[in-house]
Amino acid sequence: MLKNFFQPKLLETLRGYRGEDFRADLFAGVTVGIVALPLAMALGISSGVTAAAGLYTAIVAGFLISALGGSRVQVGGPTAAFLPIVGGIVALHGPRNLLIATIMAGVILVAMGWARLGVMIKYIPFPVTAGFTSGIAFYIFSTQVKDFLGMGDLKTPADFVGKVSALASHLDRVHWPTVVLGVASLLAVYFWPESWKRRVPASIVIVIVASTAVAALGLQTPTIGEIPRSLPMPRWPDLSGVEWGSLIRPAFTIALLAAIESLLCAVVADGMIDDRHDSNQELLAQGVANVASALFGGVPATGAIARTGTNVRSGARSPIAGMIHAVTLLVIVLVAAPMAKYVPLACLAAILISVALNMGEWHHFLRLGRWPRSDALVFIIVFFLTVLVDLTVAVEVGLVLAAVLFIRRVSETTQIISADERAQELGPEDHLAGKSVPEGVVVFHLFGAFLFGAVDKLEGTLSRYQTTPQVLILGMKRVMAIDATGLNAIEELRVKLTSKGRHLLLSGPHTQPLLALQQHGLIERIGEANTCENLDAALKRAAELIAAAQPAAPPTA
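Sequence positions in the sequence shown follow my numbering and run 4 to 560.
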């Protein structure tokens with residue numbers, strides 16, 4: 004069983020692995036490691052912890068995601084998507100509880116992989132993912148304004164409104180030399196020649212140039228500070244006095260976000276290299292990586308689309324490239340950590356602002372008028388909840404709202420028609436033309452899914468009849484699915500008819516509806532004889548029931 008469950012892509016790609024493959028992976032891994040360096044530091048600081056924590060995450064989690072994952076070229080590490088939830092945890096509960104929530108999220112991800120829930124992530128509606136992605140991007144932008152403007156140690160609240168209010172009331176603290184540095188960095192990111200991007204990433208050049216300027220010219224601008232010249236030993240966080248209840252929802256949000264981001268990234272990678280990832284193995288790797296990241300003092304991690312794209316474009320052929328990216332970062336930490344004290348925060352803020360601008364699904368705002376109204380509503384609600392409340396609430400409300408609207412749409416497609424009306428919608432075997440229908444028999448056909456939103460349609464249709472039919476036949480041949488509310492409606496109809504000495508027959512139930520009827524005990528209560536294979540059999544059974552109800556003829560003299 005373990006063999007079937009634990010199947011990292013690394014084991015598959017190592018079969019027939021050659022020297023030329025390693026050379027390609029080496030170049031790609033080193034390139035991605037250089038690209039990841041400024042991002043890891045920026046994300047660590049923006050998470051409310053340290054640049055070192057971001058680097059530890061990229062090293063530890065990045066190595067494990069590649070080594071254990073189900074994708075051939077996906078690169079993992081800290082990502083901007085986590086900033087709203089991580090920043091909120093640090094602000095409300097402190098860095099220690101962030102480590103604990105990350106471990107909890109890792110355990111949840113391992114459980115999801117073990118239960119093979121990878122495919123379920125694909126069913127999260129697009130308006131929900133687009134809404135919180137744009138909301139996250141907008142939130143990230145707001146978190147970088149302070150450092151971009153050089154406001155130094157100004158304390159700002161975690162919530163968006165409080166943050167904007169604090170920034171607006173302290174505009175006198177704007178440091179204009181820092182603003183110039185930030186604007187120059189942002190312009191360099193956007194106007195970096197396309198032909199250079201493959202070999203010389205803009206972000207690393209900007210960091211080197213800006214840091215050199217700070218060191219050589221003595222520019223007075225906030226920097227990231229010291230980074231330890233080593234990797235810490237793993238250790239469990241102190242669990243005394245932990246308020247577990249307050250961490251459950253954030254942990255589930257981290258796990259869900261990690262799953263969504265990693266599997267979306269894996270799908271993108273599949274399209275770039277014409278491969279197929281193992282979503283369940285990917286969830287397992289994400290879980291292990293997040294637990295390990297927390298033990299080393301890191302932050303949550305998942306698949307990173309930008310770094311994965313760089314990995315593929317640089318010629319990566321196997322997960323070894325992602326592992327080399329982590330080793331590259333480790334070497335940089337061991338060799339160049341003392342230089343970190345010269346890296347200006349404004350430079351990293353410019354890099355994250357560019358990430359936010361590229362990350363947001365801004366074009367969808369212009370297309371909302373073309374969307375179904377319910378989808379547009381979900382998108383807008385999730386976006387504003389992500390920005391104004393928090394990501395946990397946004398995801399929960401978005402999923403519930405999307406589910407309710409989906410049920411409503413499905414229910415709107417459900418039809419209940421009489422077999423003697425609209426015969427053109429019925430096959431010759433289902434309408435009454437040419438069939439002998441005993442007096443007192445009424446036939447209705449159900450179409451679509453008979454769920455809780457469609458039950459009132461059945462009740463409304465039956466209420467049109469002044470008298471209760473002697474036998475009511477429900478045609479279920481075209482019912483795709485039925486839920487507990489639909490089953491209960493049929494049960495109530497059976498009880499109502501039985502109390503009046505009438506009969507309910509079912510015609511043609513199959514697959515899921517038939518199984519649900521059996522498990523609910525309805526087939527037994529309605530009667531096997533009253534559950535018929537088709538309409539002809541149901542009409543024959545109805546004739547038998549009506550004949551049996553007729554009073555016996557008096558004996559002849």
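Ideal Cβ positions, reconstructed from N, Cα and C, are used throughout, including at glycine.
None of these values were measured; they are calculated from a predicted model.
A direct Cα-Cα distance of roughly 38 angstroms separates A191 from D281. Contact between S321 and R75 is confirmed by a C-beta separation of about 6 angstroms, below the 8 angstroms threshold. Look at the segment 339-368 and you find these whole runs of alpha helix (DSSP H), each 4 residues long or longer: 348-362. Note that the C-beta distance between M483 and P512 is not below 7 angstroms. In this model, S414 and A261 are separated by some 33 angstroms (Cα to Cα).
Of the candidates G325, L71, R252, L242, the residue whose Cα lies closest to the Cα of I103 is L242. When rounded, the separation of the alpha-carbon atoms in I420 and F382 is 35 angstroms. Within 10 angstroms of the beta-carbon of P237 lie fewer than 16 other beta-carbons, which makes it exposed.
For V271, same chain residues with a beta-carbon under 8 angstroms away, outside a window of 5 residues either side, are I308, T311, G312 in chain order.
Cβ contact annotation for A359 (same chain, cutoff 6 angstroms, sequence separation greater than five): A140, I143, F144, in chain order. Between the alpha carbons of T501 and V396 lies a distance of about 47 angstroms. A straight line joining the alpha-carbon of A213 with that of S188 spans about 8 angstroms.
Under the three-state reduction of DSSP output, L234 falls in the coil class, being neither helix nor strand. Judged by DSSP secondary structure, R497 falls within the alpha helix (DSSP H) whose first and last residues are 487-502. Take the alpha-carbon of T224 and the one of P347: they are about 7 angstroms apart. For S421, the enclosing beta strand (DSSP E) has its first and last residue at 418-421. Nearest in C-alpha terms to I354, of all of L58, R18, A45, I251, is A45. By the Cβ rule, the segment 332-340 counts as touching the segment 56-70, because three or more pairs are nearer than 8 angstroms. Looking at the DSSP output, A304 shares a beta bridge with no other residue. Counted as a single uninterrupted DSSP element, the beta strand (DSSP E) harbouring G451 occupies residues 444-453. Using a 10 angstroms sphere on the CB of R411, the tally of other CB atoms stays under 16, which defines it as exposed. Taking C-beta atoms as the reference points, D150 and A297 fail to come closer than 7 angstroms. V315 and I48 have their alpha carbons spaced roughly 28 angstroms apart. By the beta-carbon neighbour count (other beta carbons within 10 angstroms, threshold 16), H328 is buried. About 6 angstroms separates the CB atoms of Q418 and G451; that is less than 8 angstroms, so the two are in contact.
Per DSSP, the beta-bridge partners of I476 are V446, L508. Distance check between G153 and each of L170, D162, V164 places L170 closest, using alpha-carbon atoms only.
According to DSSP, C268 shares a beta bridge with no other residue.
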